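Undergrad: Just dropping this structure here.
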Amino acid sequence: MSHSIPKRIYPVLFAAFMLFAPAPVHPADLEDLVSSGAISIDTSLDASSPFVVRQKINLSVIIKSPVELTRETRIEYANLPGLVSQGEDDPLRFRREGDLFTYTAELALYPLEEGRHELPGHRVRLVSQDPATSLKSEAWAVSPATTFEVVLPAALQSDDFFVTTASLTVTEEIDLPAGERLSVGDAFERSIYLVVQDVPAMLMPDIVIDDVDGLKIYRHTPEISDVYRPREKVNQTHKEQRLTYIVEKEGAYRLPAMEFVWWNLSEETRIVERIDEHAFQVGVPVESAIEEDTEHSTSTGFKEEHIRLAIVLIGIFFLLIVVLRLLSRYRETLLRWFHQLNQTNRKHLRKRYLESVERRSYAEAVECLYKALSMSARPDLQQILDGQDELRGTLEQLFQLAFAAPDATYSVLDRAKAARLFDAILKAKPSRKSTGRFSFSMSLNE
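Under the working numbering, the very last position in the sequence shown is 527; numbers go up by exactly one each time.
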């Protein structure tokens with residue numbers, strides 16, 4: 082026996098189905114979810130303020146909805162004066178927690194100025210779709226405003242540019258030949274690498290290369306790339322600056338040093354990374370360099386010798402001043418002592434002269450006369466000759482006997498000196514016998 086449902090009950094069943102079936106979600110219903118708070122939107126920062134100028138700040142916009150949202154859901158970020166932002170076009174991240182769907186968008190902010198920053202709310206376009214009917218619903222919402230403080234550390238006050246990060250490294254590669262000299266027309270390459278953590282390309286420090294007279298510099302376009310390290314969950318920005326140098330003339334060159342200032346967020350301190358300068362010669366041989374060093378050393382030694390000589394001369398000058406002052410002070414005493422000494426010498430010479438004449442030792446007599454003359458005192462000669470009239474008349478004979486005597490000490494006496502002695506004696510006692518002087522001269526020349 083078969084049982085069949087009467088056709089009259091179908092309308093009743095259809096009416097019951099339509100009565101108890103869930104209604105499709107329409108745009109007005111999605112807006113109701115927003116207005117009722119069923120869909121919540123919140124914002125948060127990854128750390129508490131104050132932040133440092135140019136520090137990366139992660140701003141998160143979190144959407145929680147009881148219905149699933151489509152990829153058309155977007156966030157229209159508000160205008161952010163004084164801030165550099167990155168990540169506006171990144172898609173929302175999705176996860177499900179029980180009956181709620183959570184969507185997260187992250188925006189990286191880099192404040193360029195210190196002070197209090199107030200971020201207005203961001204407009205959020207919410208879109209959902211009914212999988213059964215493919216009907217879409219749409220609603221708009223606004224995220225809460227955000228406020229935070231930004232400071233500039235005192236250590237950075239005088240720096241024109243710096244980078245705020247947890248890590249910055251600078252390296253260099255240069256193919257200058259070590260120990261060799263370059264020639265005009267030679268070229269060499271140089272590359273400078275910067276690696277900075279969580280800093281966008283627009284905030285990377287510039288690699289400034291100054292011109293150098295005599296070197297032509299080709300600056301290649303900087304290469305910038307981003308590398309995400311998932312284990313550390315950090316983003317690294319790499320910047321490479323390649324340079325080509327061509328030598329145009331000889332000389333000594335220096336590539337100046339470079340410095341990169343950054344603020345270490347981990348240690349909260351200012352750090353300066355440095356690339357040292359490079360010095361090299363073009364067209365100057367090693368021998369010339371050695372000669373230059375030698376000349377420098379010689380010049381230095383010469384200067385030192387001059388300094389020592391100047392010190393000695395100054396010492397002699399002061400010693401001479403002291404001696405002159407002593408002489409001036411004791412002049413009378415010295416003259417009196419010198420006069421006494423001369424008197425003693427005169428007496429001794431006169432005694433020797435008389436004894437030598439008495440012994441007929443004419444050579445010794447001439448010696449006494451010569452010594453008396455060397456004392457530059459004609460009165461001495463006069464005193465020696467006083468009382469010797471018989472000898473004064475025979476001076477020529479005295480000299481002739483002195484040169485002819487067998488014991489003549491002055492047998493090799495300079496005739497010119499003897500002539501001067503004779504003239505001095507004649508001046509000591511003038512004589513009118515010019516023939517005697519002439520005959521004496523003749524006898525000396527014979």
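Positions of the beta carbon are idealized from the N, C-alpha and C atoms, including for glycine. All figures in this text were calculated on a predicted structure; none of them were measured in a lab.
Tell me the rounded alpha-carbon separation between Pro-337 and Glu-358.
TA: For this step, residue 337 is matched to residue 256 along the sequence shown. For this step, residue 358 is matched to residue 277 along the sequence shown. Rounded to whole angstroms, Pro-337 to Glu-358 spans 5 Å at the Cα level.
Undergrad: So, are the CB atoms of Arg-323 and Gln-317 less than 8 Å apart?
TA: Translated into positions along the sequence shown, residue 323 becomes position 242. Translated into positions along the sequence shown, residue 317 becomes position 236. No, the pair does not count as a contact, with Cβ atoms beyond the cut-off.
Undergrad: DSSP three-state label for Ala-391, please.
TA: Residue numbering aside, residue 391 sits at position 310 when the sequence shown is read from its first letter. Looking at Ala-391 - three-state DSSP - the assignment turns out to be helix.
Undergrad: Below 8 Å on the Cβ atoms is my contact criterion, and I expect Thr-245 with Val-133 to pass it. Report the Cβ-Cβ distance as a whole number of Å.
TA: Translated into the one-based positions of the sequence shown, residue 245 becomes position 164. Translated into the one-based positions of the sequence shown, residue 133 becomes position 52. Sure, about 5 Å apart at Cβ, within 8 Å.
Undergrad: Tell me which residues share the same chain as Arg-300 and place their Cβ nearer than 7 Å to its Cβ, disregarding the 5 neighbours each side in the sequence.
TA: Walking along the sequence shown from the start, residue 300 turns up at place 219. Taken in chain order, the residues that qualify are Ile-290 and Leu-324.
Undergrad: CB-CB under 8 Å to Pro-225, same chain, minus the five flanking residues each way: which ones, in chain order?
TA: For the purposes of this step, residue 225 is taken as residue 144 along the sequence shown, with counting starting at 1. Excluding sequence neighbours, Pro-225 sits near Ile-122, Asp-123, Thr-124 and Gly-202.
Undergrad: State the start and end residues of the unbroken beta strand (DSSP E) segment that holds Leu-126.
TA: Translated into positions along the sequence shown, residue 126 becomes position 45. Looking at the DSSP string, the run of the beta strand (DSSP E) that includes Leu-126 is 121-126.
Undergrad: Return the CA-CA distance between Pro-234 and Ala-282, expressed in angstroms with no decimal places.
TA: Numbered from 1 along the sequence shown, position 153 holds the residue referred to as residue 234. Numbered from 1 along the sequence shown, position 201 holds the residue referred to as residue 282. When rounded, the distance between both Cα atoms is 23 Å.
Undergrad: Quick one: using the 10 Å Cβ neighbour count with 16 as the cut-off for buried, is Phe-243 buried or exposed?
TA: Sequence index remark: in the sequence shown, residue 243 carries index 162 (1-based). When all chains shown are included, Phe-243 counts as buried.
Undergrad: From what residue to what residue does the alpha helix (DSSP H) around Val-115 run?
TA: Working through the sequence shown from its first residue, we reach residue 115 at position 34. From DSSP, the alpha helix (DSSP H) with Val-115 extends over 108-117.
Undergrad: Quick one: residues in its chain with C-beta nearer than 7 Å to the C-beta of Phe-398, no 5 flanking neighbours on either side, listed in chain order?
TA: Locating residue 398 in the sequence shown gives position 317, where the first residue counts as 1. No residues qualify anywhere along the chain.
Undergrad: Helix, strand or coil for Arg-204, going by three-state DSSP, please let me know.
TA: The residue labelled residue 204 in the question sits at position 123 within the sequence shown. Of the three classes helix, strand and coil, the one that applies to Arg-204 here is strand, per DSSP.
Undergrad: Mind checking whether Asp-110 and Ser-248 have CB atoms under 8 Å apart?
TA: The sequence position of residue 110 within the sequence shown is 29, counting from 1. The sequence position of residue 248 within the sequence shown is 167, counting from 1. Going by C-beta atoms, Asp-110 is not nearer than 8 Å to Ser-248.
Undergrad: Select from Gly-118, Ser-215 and Arg-135 the residue whose C-alpha is nearest the C-alpha of Thr-151.
TA: Stepping through the sequence shown from its first residue, residue 151 is reached at position 70. Nearest option by C-alpha distance: Ser-215.
Undergrad: By DSSP, does His-429 sit in helix, in strand, or in coil?
TA: Position 348 of the sequence shown, counted from the first residue, corresponds to residue 429. Helix.
Undergrad: Assuming Ile-138 and Leu-190 form a contact by the criterion Cβ under 8 Å, report the distance between their Cβ atoms to the nearest whole angstrom.
TA: Along the sequence shown, one-based indexing puts residue 138 at 57. Along the sequence shown, one-based indexing puts residue 190 at 109. Confirmed, about 4 Å.
Undergrad: Could you pull the start and end residues of the beta strand (DSSP E) that Pro-532 belongs to?
TA: Since the first residue shown for the chain is 82 and the last is 527, residue 532 is missing from the structure and cannot be characterised.
Undergrad: Report the three-state DSSP secondary structure of Ser-239 (helix, strand or coil).
TA: Here residue 239 refers to the residue found at position 158 when the sequence shown is read from its first residue. Three-state DSSP puts Ser-239 in coil, outside helix and strand.
Undergrad: Cutting at 6 Å between CB atoms, please list the residues of its own chain near Lys-76, excluding the five before and the five after it.
TA: Since the first residue shown for the chain is 82 and the last is 527, residue 76 is missing from the structure and cannot be characterised.
Undergrad: Please look up how many angstroms separate the CB atoms of Phe-361 and Tyr-334, rounded, as I've assumed it's under 8 Å.
TA: Locating residue 361 in the sequence shown gives position 280, where the first residue counts as 1. Locating residue 334 in the sequence shown gives position 253, where the first residue counts as 1. Phe-361 to Tyr-334, Cβ: 6 Å. Contact.
Undergrad: Buried or exposed: which applies to Arg-177, given that a residue is buried once 16 or more other Cβ atoms fall within 10 Å of its Cβ?
TA: Looking up residue 177 in the sequence shown gives position 96. Label assigned to Arg-177: exposed.
Undergrad: If I measure Cβ to Cβ from Val-205 and keep anything under 8 Å in the same chain, skipping five residues before and after, which residues do I get?
TA: If you number the sequence shown from 1, residue 205 lands on position 124. Correct list, in chain order: Ile-122, Val-142, Ile-144, Thr-154, Arg-155, Ile-156, Glu-157, Trp-221, Ala-222, Val-223 and Ser-224.
Undergrad: Using the beta-carbon count (16 or more within 10 Å), is Pro-131 buried or exposed?
TA: Numbered from 1 along the sequence shown, position 50 holds the residue referred to as residue 131. Answer is exposed; the Cβ neighbour count stays below 16.
Undergrad: Tell me whether Glu-219 sits in a helix, a strand or coil according to DSSP, three-state version.
TA: By one-based count along the sequence shown, residue 219 stands at place 138. It is a strand residue.
Undergrad: From Val-393 to Ile-352, what does the alpha carbon distance come to, in whole angstroms?
TA: Within the sequence shown, residue 393 is the residue found at index 312, counting from 1. Within the sequence shown, residue 352 is the residue found at index 271, counting from 1. Looking at the two C-alpha atoms, the distance is approximately 54 Å.
Undergrad: Tell me the DSSP secondary structure of Arg-135 in three-state form.
TA: What you label residue 135 is simply residue 54 of the sequence shown in a count that begins at 1. Coil.
Undergrad: May I ask which residues mark the beginning and end of the beta strand (DSSP E) holding Ile-356?
TA: Within the sequence shown, the letter at position 275 stands for residue 356. 350-356 is the span of the beta strand (DSSP E), which, as asked, contains Ile-356.
Undergrad: Run through the DSSP bridge pairs and tell me what Asp-307 is partnered with.
TA: Within the sequence shown, numbered from 1, the residue matching residue 307 stands at position 226. Partner(s): Thr-318.
Undergrad: To the nearest angstrom, how far is the alpha carbon of Ala-159 from that of Val-265?
TA: Locating residue 159 in the sequence shown gives position 78, counting from the first residue. Locating residue 265 in the sequence shown gives position 184, counting from the first residue. Answer to the nearest angstrom: the Cα atoms are 58 Å apart.
Undergrad: Could you tell me which residues DSSP pairs with Ser-141 in its beta bridges?
TA: Here residue 141 corresponds to residue number 60 of the sequence shown, with the count starting at 1. Paired residue(s): Ser-125 and Glu-187.
Undergrad: Suppose contacts are defined by Cβ-Cβ distances below 8 Å. Is Asp-267 in contact with Val-315 by that definition?
TA: In the sequence shown, residue 267 corresponds to position 186, counting from 1. In the sequence shown, residue 315 corresponds to position 234, counting from 1. Going by C-beta atoms, Asp-267 is not nearer than 8 Å to Val-315.
Undergrad: Where does Asn-345 fall in DSSP's three states?
TA: As a first step, residue 345 must be located in the sequence shown, where it is residue number 264. Note: Asn-345 maps to strand in three-state DSSP.
Undergrad: Since Ala-272 and Glu-321 should fall inside the 8 Å C-beta cutoff, what is the C-beta to C-beta distance between them, to a whole number of angstroms?
TA: Within the sequence shown, numbered from 1, the residue matching residue 272 stands at position 191. Within the sequence shown, numbered from 1, the residue matching residue 321 stands at position 240. The sequence as given places Ser at residue 272; Ala does not occur at that position. Correct: roughly 6 Å between the Cβ atoms.
Undergrad: Starting from Tyr-299, trace the beta strand (DSSP E) both ways and give me its first and last residue.
TA: Translated into the one-based positions of the sequence shown, residue 299 becomes position 218. Counting along the chain, the beta strand (DSSP E) containing Tyr-299 begins and ends at 296-300.
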